[in-house]
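S.K.: Each residue of the first sequence is one higher than the one before, counting from 0 in numbering that gives the first Met the number 0.
Quick reminder that beta carbons are idealized off the backbone N, C-alpha and C, glycines included.
Right, I'll just put the structure down here and ask away after.
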Amino acid sequence: MPYDFGRIESKWLQRWEADKIFQPTETGKKYLLTVPYPYANGALHIGHGRTYTIGDIMARYLRMKGYNVLYPMGFHISGTPILGFAKKIEKGDKATIDLYKSYLELYGDNPDLIKEFSKPENIANYFANKIISDFSNMGFSIDWSRVFNTGEPIYNKFIEWQFRKLHSMGLIKQGDYPILYSIAEGNPVGEDDIADGDVDKVSILEFVTVLFQFEDKYLGASTLRPETLEGVTNLFINPNGMYTIIELDGRKIVVSKEAAEKLQYQRQIEIVGNIDPKELIGKIAKEPLHGRSIPIIGAEFVDTDNATGIVYSVPAHSLQDYLALRESGDNIEPIQIIEGVNESVEDVIEKFKISSIGETEKIEEATKYLYEMEFYHGIISKGKYSGKFIREVKDEIKNDYIKDKIAFIFYETSRKAVTREGDKVIVAIINNQWFIDYSNEQWKNKVRNLLNEMQLKPDSLRNQFMQVVDWIRERPCARKRGLGTRLPMDRNWVIESLSDSTIYPALYTIIRELREMDFNEIDDAIFDFIFFGKGELKGKSNDTIELAKRARKEFEFWYPVDWRHTGYPHISNHLTFYLFNHVAIFPEEDWPKGVSTGGIVLSEGQKMAKSKGNVVPLLTVKRKYGADLFRLYFATNADVWYDVDWRSSEVNMMQKKLEKFYEYLTNAIKYEGEPEERDLWIVGKFNERLKHADEAFGDMRIREAAVELFYNMMNDVQELESIAGKDRTMRAIKKFGRDWALSLSPIIPFISEEINELYGGSGYASLSSYPSYNESHKQILEEWEYVEGLLEDFKNIIKIYPNKPGKMRIYVAEDWKREAFKKFNELGMKEFMKSATPEQREFILTITKRKDAKNLRLNVNEIMVLERYKEDLENYLKLKIEILKTGEDDKSKKSLPGKPAILLE
RNA sequence: GCGGAGGUUGCCGAGCCUGGCCAAAGGCGGCAGACUCAAGAUCUGCUCCCACAGGGGUUCGCCGGUUCAAAUCCGGCCCUCCGCACCA
């Protein structure tokens, strides 16, 4: 019977679905296992597939171990991406249209359906449906009766309830917040909206703009190093630039024209007029600390499109300033204000071999070098902060300047950036931005306590989480656009897509009851009742009350989440929010029990990326290889927490192995008759491997379990076949074939069902008990392993034997050696030596030097075992065998108990 | 910078927690053989060096240490990769 995965997989899919076998009811030991829902904006690839496969393998394993496992799934549609794609399709953007047409083609749908995709909800619905079929095809044991998406009204009500709760607990705040922004679009922009945003990240820099008095105005000079203000010697301004006078907080300030535009998005300013830089150059300004007179010097290197387009110059501590002054010939004496650093600006210029100000790259590198040195080791030697380390007072200095109104903050992008449409990206301050206040220390402490109680895999996860909890601050939780749930406190805002997906596993438990409820009756009181058992449902209809009670029961039964698994990039965001929000909203008994993170998937050795053309869609994999093969590949190729590489050549190798496995099991059943007793070591071997694999599964070491049960077991069977021949092997396989298939059911569920049925198993393999360890063949296994040792020795010798041997003499060690060795093991060296004969002493001294001494099998009746396998070995090795007791022969004297001497001739 | 992971024999990649059965699983690649008219596929064996009757030597990023014994434990150093937020 050839391995036809298409036939087998669709057969079992239909049966599973017809019998709804993955829709658990509230009985027995429950286990709620979740994986974050996918974002429904495109076809899934094998990277997504791996995470859900790991979840499913664990779900299936635990189900077979007697747990009542619920593995639910929903869809994420919140945020801007789907909206953005819909908009682009509406606008006729070619790249986006081609991409979505390719998805339609992939799924075998008419590419003309693309028109539908100008509506975001159509994109979401289309892909949600495709993902359901993709996931089902992969054999995931998901309860689809509980599916929902984050855009539907019931979900919105649930999230609104959550946010009103957070708000009432004082965990939601408002404040001003800098953000990347496109003037042309009038909107905030994320990494995805920026050209090359993924490869060259844009961050927000905080410049301190210091005000230097000039006549009735001020010049706003920007710096990233406000601690050097004491050392200022002059100002630089671009003679070819355009400058504007603005009014801010009642003062007239000169900045570049570009800066003035940006500032309109950051502060309340008014444009007063323009000013020609020539009117400034050569004149004098006053620095704000002591009112020293400072010359204004023209310098073309000043970029008017970076910060305010005016910089102050500290030649003693800035390479660029030093070089500029040296080249302009202005005779200005640097003012040293930092000590404790061994190298001066001149030294660094020397060190990096910089000859002119044009060498931008070298200067950048050297500046970083100098800055890090001064920041970590430098001590301020002038002014108010004298004697203090820069790293300790830098922030204080900045804040003092702002307080004293001699400086303000100017936000700038870390590099020049444009959107994918080519519009300039700047930094804007959003007023009254809503935040979730993750900086709250009491809240953090609760999360820390939870982390100490939780099960986490891999072990390093606990440290990583603790670290994140330490540095996490307020997080903006709403945006002005996007799909999702409107913020109940202010309906102009939409809850941001990571913030609306933290406690939703709770919704899986009750969604079915909510759907039956009269939608208008669903309100906060209903959620309070279901989740906390609080309050009475006054004024609700009887049906609603009844459903709410049922929902309460479901929730109490299934919650908390026993395990959540996802990829490691989620540690610092989603998983952390998941913990924080559970801790805030739910009572302690409903807090998460365990979390694990997994590695990512590489394709042919590289990160998957559309630009590299190595993205492998889940669907094509399923069509080409079948779900079982896909699952087996990921199970065996790397442990959960490591990255895994998808290489088609290796997948092909694995396919052959899997076919062979299937062939063994389907063939074996056709063989009549009982197996030979002497071949049953294979059953012992299976049980040993099963025991080991069971332990590994329990600890989520899926790879170890899979390798043991699949690879190693296949090798054992092939070993048996090469010695016992096909017929005997097949009859032996029948003895444990069904258990073998069942033991692999979490990984290859379809083949498992097929084999289980073939072997007359009743019911579904997926719902069977996991096979249990049985030690009835332990003795024969040990005896066989003794023979394996002999074969090993034979191989070593045959390698160096000049021609083909016709005969092998096997000398079994004399009994006195066995006795001596046993005695030695019992008594230990010291005691043994006291009572031993000289002959015994010499023997023990020589063999204890051998490193394999501990390995000897002493409990085997060697002659009996050798006689049993003599014929098999003769056929296998193609020579005659003679079994003898050790005599006087030199070679034969090498025999040890459990390790006979061999003589070839 | 902060935090995490890791550097193993031609390549990929186990082992390391719980030192000795470790010249170190498995796969790829390579070599030889079987099969074949031939190629491919498949199967078998070999694949650090030297011995050529089961022996010896040198290896697991580098340098030291602990130990009878270190790829494994400890200390220091060098190098690589990943995450660091308003983005799903």
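Per DSSP, Ala220 is paired with what?
M.R.: Paired residue(s): Val209.
S.K.: Exposed or buried, what is Glu676 when buried is set at 16 or more other beta-carbons lying within 10 Å of its beta-carbon?
M.R.: Answer is exposed; the Cβ neighbour count stays below 16.
S.K.: Which residues does DSSP list as the beta-bridge partners of Asn136?
M.R.: None, per the DSSP bridge assignment.
S.K.: Mapping the DSSP letters down to three states, classify His573 as helix, strand or coil.
M.R.: His573: helix per DSSP, three-state reduction.
S.K.: Cβ atoms of Arg49 and Gly597: under 8 angstroms apart, would you say?
M.R.: Yes, they are a contact pair.
S.K.: Taking the beta carbon of Asp738 as the centre, do at least 16 other beta carbons fall within 10 Å, making it buried, or is it exposed?
M.R.: By the 10 Å Cβ count, Asp738 comes out buried.
S.K.: Indicate whether Ile309 and Val254 have their beta-carbon atoms separated by less than 8 angstroms.
M.R.: Contact flag set, yes.
S.K.: In angstroms, rounded to a whole number, what distance separates the CA positions of Ala695 and Ile701?
M.R.: Near 7 angstroms, if we compare the C-alpha coordinates of Ile701 and Ala695.
S.K.: With DSSP run on the structure shown, which of helix, strand or coil describes Ser459?
M.R.: Here Ser459 sits in coil by DSSP.
S.K.: Quick one: residues in its chain with C-beta nearer than 6 angstroms to the C-beta of Ala723, no 5 flanking neighbours on either side, listed in chain order?
M.R.: Result list for Ala723: Asp678, in chain order.
S.K.: Report the three-state DSSP secondary structure of Phe407 (helix, strand or coil).
M.R.: Correct three-state label for Phe407: strand.
S.K.: For the stretch 31 to 38 and the stretch 57 to 73, state whether three or more C-beta atom pairs, one from each stretch, are separated by less than 8 angstroms.
M.R.: Enough Cβ pairs lie closer than 8 angstroms, so yes.
S.K.: In chain order, what residues of the same chain have a beta carbon less than 7 angstroms from the beta carbon of Pro899, not counting five sequence neighbours either side?
M.R.: So the qualifying residues of the chain are Leu789, Ile809, Tyr810, Val811, Ala812 and Glu861.
S.K.: Are three or more beta carbon pairs between the stretch 636 to 655 and the stretch 767 to 782 nearer than 8 angstroms?
M.R.: At 8 angstroms Cβ cutoff, the stretches do not touch.
S.K.: Quick check on DSSP: helix, strand or coil for Gln267?
M.R.: In this structure, Gln267 counts as coil in the three-state DSSP scheme.
S.K.: Which parts of the stretch 744 to 819 are runs of the alpha helix (DSSP H), unbroken and 4 residues or longer, counting only runs that do not cross its ends?
M.R.: Listed in chain order, the complete alpha helix (DSSP H) runs (minimum 4 residues) inside the stretch 744 to 819 are 748 to 757 and 777 to 797.
S.K.: Out of Leu98, Arg325, Tyr567 and Thr222, state which residue places its alpha-carbon closest to the alpha-carbon of Gly357.
M.R.: Nearest C-alpha to Gly357: Arg325.
S.K.: Quick one: give me the first and last residue of the alpha helix (DSSP H) that Ala306 is part of.
M.R.: Unbroken run through Ala306: none, as it is neither H nor E.
S.K.: On the criterion of 16 or more Cβ atoms from any shown chain inside 10 Å, does Arg414 qualify as buried, or is it exposed?
M.R.: Its Cβ having fewer than 16 others within 10 Å, Arg414 is exposed.
S.K.: Between the stretch 152 to 169 and the stretch 520 to 528, do three or more beta carbon pairs fall short of 8 angstroms?
M.R.: Cβ pair count under 8 angstroms is three or more, so yes.
S.K.: Taking all protein chains shown into account, do 16 or more other C-beta atoms lie within 10 angstroms of the C-beta of Trp562, making it buried, or fewer, making it exposed?
M.R.: With 16 or more other Cβ atoms within 10 Å, it is buried.
S.K.: What are the start and end residues of the alpha helix (DSSP H) that includes Pro504?
M.R.: Residues Pro504 to Glu515.
S.K.: Restricting to Cα atoms, I'd like to know which of Lys86, Ser140 and Ser132 is closest to Asp18.
M.R.: The candidate whose alpha carbon is nearest that of Asp18 is Ser140.
S.K.: Near Lys383, which residues of its chain fall below 6 angstroms by C-beta distance, leaving aside the five closest residues on each side in sequence?
M.R.: Same-chain partners within the cutoff: there are none.
S.K.: Residues in the same chain with beta-carbon distance under 8 angstroms from Ile668, minus the five sequence neighbours each way, listed in chain order, please.
M.R.: Taken in chain order, the residues that qualify are Lys733, Gly736, Leu757 and Tyr758.
S.K.: Taking buried to mean at least 16 other C-beta atoms within 10 Å of its own C-beta, is Ser437 buried or exposed?
M.R.: Reading the sequence as shown, one finds Tyr at residue 437 and not Ser. Looking at its Cβ environment, which holds 16 or more other Cβ atoms inside 10 Å, Tyr437 is buried.
S.K.: Can you grab the Cα-Cα spacing for the pair Lys479 / Val493, in whole Å?
M.R.: About 6 angstroms.
S.K.: Identify, in the order they occur along the chain, each residue of the same chain with its Cβ nearer than 7 angstroms to the Cβ of Arg14, setting aside the five sequence neighbours on each side.
M.R.: Nothing meets the Cβ criterion.
S.K.: Closest to Lys256 by C-alpha separation, out of Ile348, Asn239 and Pro568, would be which residue?
M.R.: Nearest C-alpha to Lys256: Asn239.
S.K.: Please report the distance separating the alpha-carbon of Lys853 from that of Leu780.
M.R.: Unreliable placement is indicated for Lys853, whose pLDDT of 48 sits below 50; the coordinate value is still reported in the next sentence. Straight-line Cα distance between these residues: approximately 18 angstroms.
S.K.: Where do the ends of the alpha helix (DSSP H) carrying Ser500 lie?
M.R.: Element bounds for Ser500: n/a, residue is neither H nor E.
S.K.: Go through its chain and collect everything with a Cβ distance to Ile203's Cβ below 6 angstroms, but skip five positions before and after it.
M.R.: These residues qualify, in order along the chain: Pro177, Tyr410 and Val426.
S.K.: Go to His564, then tell me how far its alpha helix (DSSP H) extends in each direction, as first and last residue.
M.R.: Unbroken run through His564 is the beta strand (DSSP E), Trp562 to Gly566; no alpha helix (DSSP H).
S.K.: To which residues does DSSP link Lys898 through a beta bridge?
M.R.: DSSP output for Lys898 lists Leu895 as bridge partner(s).
S.K.: Buried or exposed for Glu16, going by 16 or more other Cβ atoms inside 10 Å?
M.R.: It counts as exposed.
S.K.: Tell me the DSSP secondary structure of Lys850 in three-state form.
M.R.: Only weak support is given to the placement of Lys850: the predicted model assigns it a pLDDT of 43, under 50, and the value that follows is read from those uncertain coordinates. Of the three classes helix, strand and coil, the one that applies to Lys850 here is coil, per DSSP.
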